[in-house]
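See below for the structure under consideration.
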Amino acid sequence: MGHEMSETLTQDALPASSLSPLAHRRIPRWAPAGIAVAAIALGCGVGAAAGLASHLQWGLISLLLFVGLTYGITAGVEGRRQARDRVATSLVWACFVVAVVPLYSLLQTTISKGVKVLDGNFLTHSMGGVITTQPGGGVYHAVIGTLEQVGLASLIAVPVGLLTAIYLVEYGRGKLAKVVTFFVDVMTGVPSIVAGLFILAFWIIILGFGYSGFAGALALAILMMPVVVRSTEEMLKLVPNELREASLALGVPKWRTILKVVLPTSIGGILTGVMLAVARIAGETAPVLLLVFGNQLINNNPFSGAQSSLPYYVYEQYTNGNDASFDRAWAAALVLIAFVMILNLVARGIARWKAPKTGR
Amino acid sequence: MDIVSTSGEHPPPSRQPAATRLGDRVFLGLSRGSGILLLVIMAAIAVFLTVRAIHAISLDHSNFFTTYEWNASLNPPSFGIAVLAYGTLVSSLIAMLIAVPISVGIALFITHYAPRRLASPLAYLVDLLAAVPSIVYGLWGGLYLVPHLQGLNLWLNDYLSWTGVFHKSDPNSAARSLFTVGILLAIMIVPIITNVTREVFRQVPKAHEEAALALGATRWEVVRMSVLPFARSGIISASMLGLGRALGETMAVATVLSASPVLTQRLLDPVGGTFAQNIAAKFAEADNFGRDALIASGLVLFVITLLVNGAARLIIARRREYSGAAL
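Structure below.
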């Protein structure tokens, strides 16, 4: 486990390793696996003996034992430096395992609990006339809301984002471009609730419009713009300059060069970026909470009246605080994850299918 | 070029200005206008939030920065951000303490340790996980993580309560504390920090690593002597991006934390609050003035995240200048 590289150096390069005075003594190849088995056995033994209920604690004890044993044994046989190397290797592996456990648990829980009430009925019905403590009802109104809000947000954010990226890559020289780049970066970090508060202050309090899906879409657009700019910028930079120069040399105006040469070349990557941005804002709850206000019924008009949305629906069902609502929350969360993941997979599919030809 | 610049009398060869044709002018105007629109939006966020916030703070009957309670609907209104600021910073710090080492570990694993066949699916998996909506983390945190962390809470209380930090006032209360929030936030920002750190590790010049290997360094020594020093500023800025995300996270905190206006160093007690959580929780019952008050707290959050993100970006930008690496 993880010592191929150093082995290449000390052993494979010197075939007569056992005879060469340059080669160190090494613990046998099976030793790490052996230590791991011993550590797990010991850890479970200690855990069972001490009556620890949580298997997580067994795992932690095993891990500590493994690291300790590895260090001790390797330090004895191979020396301090090798021992440190092995400990670092096991820690890096441990990081990986530690990170995978909660993420696996998250997906596993959502899927196993989500499928309970997820069926055709759930997808095609709203919460109209459903008592929250009773099973039944569905997410139809929330799906409609999400699709409309995200669609409107994309209609606003994609053109602005695209044009800004074109400005930065094709025209941007000097101070303005630098300032825009910096603030696009900073804008990426604006918390979604702050974007929601801004639209609340501007659109609802000062301009006096009511809660609506469109207000939510405005906030989502603010969150989406910098993401579109960044990804489009990266893609436009990949377009080889020779293409631009060839087109300009033929006397094609710059704007037609951009529209007919640069954009078609990078369209795959741009689409990918847009879809990833859509996936990101589809899961935003906070702006919807502040601006769309939530609704139990179907409201097909995003320009007037409160709507719902999938993430908001999850939150609403969670705060209802009873088992029937929790079931609905898990199912809606599953629908949301599926939606986001499908967008991601399609986006990556497009990226692979239409990878920009960089001429190399 | 030389001839032109030394002769002096000739004007430099006048390039055709880029925008002479109508189409070009329109297109340049549109794209520059979009860039300016982004700046206007950022400025507008600051201005509108500030205007409403000043209105609210001027009517606040107690000190906005040192008051614990949030009673904007009282007459006279009395609200302050002390608890919220404390809770936001503490939960984000806990998240950083957990997430940064683990993220660096995962990024190292993907770039330097994992078998090649495992590395690219893994990187892909981390990408996907960064896309999981925060409300799903929140739901999982509230319904699954909270009961499952009770054991850890009791263990910390049993063995580490002498620190004061891990003393739990009521051992039977649910684990809806800032500590749990910190752990959940850590889980959420690990994919973000990992993604950026991984990119930085990829850019470490191969020659540095090979030189270290040629001197007989072990793999850990290679990482410590050539990879980490090169990537240090990248790791810092990645962490700050993660911090920015953790500071502004709303739903995951709103679903997990049982909020109350108590400021304590006991991290396991189910009390406290954060800016974003407070806004989400108090919004439904807020009247017009209450909304302004919440906007005031949002402005503070905005300024904090602005500073953190700006600093991160400046670090990245400076690094780009001298290394030529694109991020």
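Those protein sequence lines, which keep their order, are chains A and B. Using my numbering, the first residue of the first sequence is number -6, and each one after it goes up by one. Using my numbering, the first residue of the second sequence is number 24, and each one after it goes up by one. Note that beta-carbon positions come from the ideal geometry of N, C-alpha and C, so glycine has one too.
Query                                                                                                                                                                            : Result
Roughly how many angstroms lie between the CA atoms of Gly295 of chain B and Ser157 of chain B, to the nearest whole one?                                                        : 20 Å
Under 9 Å Cβ-Cβ, which residues of chain A neighbour Ala309 of chain B?                                                                                                          : Chain A residues near Ala309 of chain B: none, gap ~10 Å exceeds 9 Å.
Is DSSP giving Gln300 of chain A helix, strand or coil here?                                                                                                                     : strand
Hey, how far is the Cα of Arg242 of chain B from the Cα of Ala331 of chain A?                                                                                                    : 40 Å
What is the DSSP secondary structure of Phe202 of chain A, reduced to helix, strand or coil?                                                                                     : coil
Can you pull out the residues from the segment 161 to 192 of chain A whose beta carbon lies closer than 8 Å to at least one beta carbon of chain B?                              : Leu161, Glu163, Tyr164, Gly165, Leu169, Ala170, Val172, Val173, Phe175, Phe176, Val177, Asp178, Val179, Met180, Thr181, Gly182, Val183, Pro184, Ser185, Ile186, Val187, Ala188, Leu190, Phe191
Check the DSSP bridge columns for Asn94 of chain B and list the partner residues they point to.                                                                                  : B:Ser101
What did DSSP end up calling Phe286 of chain A once you bin it into helix, strand or coil?                                                                                       : strand
Beta-carbon within less than 7 Å of Ser283 of chain B's beta-carbon, same chain only, minus the 5 sequence neighbours each way: which residues are those?                        : Val294
Does the segment 265 to 272 of chain A touch the segment 248 to 256 of chain A, meaning 3 or more C-beta pairs lie closer than 8 Å?                                              : no
Does any residue of chain A bring its CB to less than 8 Å from the CB of Ser37 of chain B?                                                                                       : At Ser37 of chain B the pLDDT is 45, less than 50, meaning the model places this residue with poor confidence and gives no usable figure here.
For the candidate residues B:Asp83, B:Gln226, B:Arg289, whose alpha-carbon lies nearest to that of Ala95 of chain B?                                                             : B:Asp83
To be precise: take each residue of the segment 69 to 92 of chain A, compare its Cβ to all Cβ atoms of chain B, and keep it if any distance is under 9 Å. Which residues remain? : Arg74, Gln75, Arg77, Asp78, Arg79, Val80, Ala81, Thr82, Leu84, Val85, Trp86, Ala87, Cys88, Phe89, Val91, Ala92
Assuming the contact rule is C-beta atoms closer than 8 Å, Ala202 of chain B and Leu270 of chain B should be a hit. Round their C-beta distance to whole Å, please.              : Rather than Ala, the amino acid found at residue 202 of chain B in this sequence is Phe. Going by Cβ atoms, the distance from Phe202 of chain B to Leu270 of chain B rounds to 17 Å, so no, they are not a contact pair.
Measuring CA to CA, which of B:Ile133, B:Ala335, B:Val323 is closest to Phe87 of chain B?                                                                                        : B:Val323
Just list the residues that DSSP pairs Ser283 of chain B with in beta bridges.                                                                                                   : B:Gly295
Any C-beta of chain A sitting closer than 8 Å to the C-beta of Tyr109 of chain B?                                                                                                : no
Look at Leu280 of chain B and Val331 of chain B and say whether their C-beta atoms are less than 8 Å apart.                                                                      : no
Give the residues of chain B in contact with Ala194 of chain A, contact being defined as C-beta atoms less than 7 Å apart.                                                       : Phe71, Leu72, Arg75, Ile318
Assign Gly40 of chain A to buried or exposed, taking buried as 16 or more other Cβ atoms, counted over all protein chains shown, within 10 Å of its Cβ.                          : buried
Going by Cα to Cα distance, which pick from A:Thr63, A:Phe319, A:Leu100, A:Gln50 is closest to Val30 of chain A?                                                                 : A:Thr63
Kindly list, in the order they appear in chain B, the residues whose Cβ is closer than 8 Å to that of Leu329 of chain A.                                                         : Pro156, Ile158, Val159
Closer than 8 Å is the cut-off here; do at least three beta carbon pairs connect the segment 289 to 300 of chain A with the segment 212 to 219 of chain A?                       : no
According to the neighbour-count rule (16 or more other Cβ atoms, all chains shown, within 10 Å of its Cβ), is Arg354 of chain A buried or exposed?                              : Because residue 354 of chain A is not part of the residues shown, which for chain A are -6 to 353, the question remains open.
Determine the direct distance from the alpha carbon of Ile124 of chain A to that of Ala334 of chain B, and round the result to whole angstroms.                                  : 49 Å
Less than 8 Å between C-beta atoms, sequence neighbours within five positions excluded: which residues of the same chain meet that for Ile343 of chain A?                        : Gly261, Leu264, Thr265, Met268
So, is Pro200 of chain A buried or exposed, given that buried needs 16 or more other C-beta atoms within 10 angstroms?                                                           : For the sequence presented, residue 200 of chain A should be read as Leu rather than Pro. So Leu200 of chain A counts as exposed.
Expressed to the nearest angstrom, what Euclidean distance is found between the alpha-carbon atoms of Ser297 of chain A and Leu284 of chain A?                                   : 12 Å
Please check if any C-beta of chain A sits within less than 8 Å of the C-beta of Thr273 of chain B.                                                                              : yes
Which chain B residues sit within Cβ distance under 9 Å of Phe360 of chain A?                                                                                                    : Because chain A in this structure spans residues -6 to 353, residue 360 of chain A falls outside the shown range and cannot be described.
Name the residues in the segment 46 to 69 of chain B whose C-beta lies less than 8 Å from a C-beta of chain E; which are they?                                                   : Of the protein chains in this structure, namely A and B, none is chain E.
May I ask you to verify whether the segment 112 to 123 of chain B touches the segment 299 to 307 of chain A, counting CB pairs closer than 8 Å and requiring at least 3?         : no
Would DSSP call Trp23 of chain A helix, strand or coil?                                                                                                                          : coil
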